[in-house]
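Residue numbers (our numbering): 264 to 346.
For glycine and all other residues, C-beta sits at the position ideal for the given N, C-alpha and C.
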Amino acid sequence: LRAAMIEERRSKGINPFPHKFHVSIALAKFIAQYDYLEKDVILEDVVHSVAGRIFSKREAGGKLIFYDLHGEGTRLQVLANAR
264 LRAAMIEERR SKGINPFPHK FHVSIALAKF IAQYDYLEKD VILEDVVHSV AGRIFSKREA
324 GGKLIFYDLH GEGTRLQVLA NAR
């Protein structure tokens, strides 16, 4: 049922998964652009918006949150500070 609805929308040229925010960089491009960074490097003056499906969320202590984001045939782990 859901697959038929998705295919019907695609055949009409409608995006079946619209998001309501601006995506500034594709996941694959983001990974290619920042893959050179060493562990524990933080770029505080860089801001990007990416889109994907959250497959898992884990908390480490009370301050760190890890998200596994999947989209565009690739995966990205996001480390978020809860502050």
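Hey, A345 and I328: beta-carbon distance below 8 Å or not?
yes
Considering only residues of the stretch 265-322, which uninterrupted alpha helix (DSSP H) runs meet the minimum length of 4 residues and lie entirely inside it, listed in chain order?
Runs found: 265-274, 290-297.
What number of angstroms, rounded off, separates the C-alpha of I305 from the C-alpha of A343?
If you take the alpha carbons of I305 and A343, they lie about 11 Å apart.
How big is the Cα-Cα spacing for G276 and I288?
23 Å
Whole angstroms are fine: how far does the CA of Y330 sit from the CA of R321?
7 Å
In its own chain, which residues sit with a C-beta less than 7 Å from the C-beta of H285, not counting the 5 before and 5 after it?
S312
Note down, in chain order, each residue of its chain lying with its Cβ closer than 8 Å to the Cβ of A291, except the 5 sequence neighbours on either side.
E335, G336, T337
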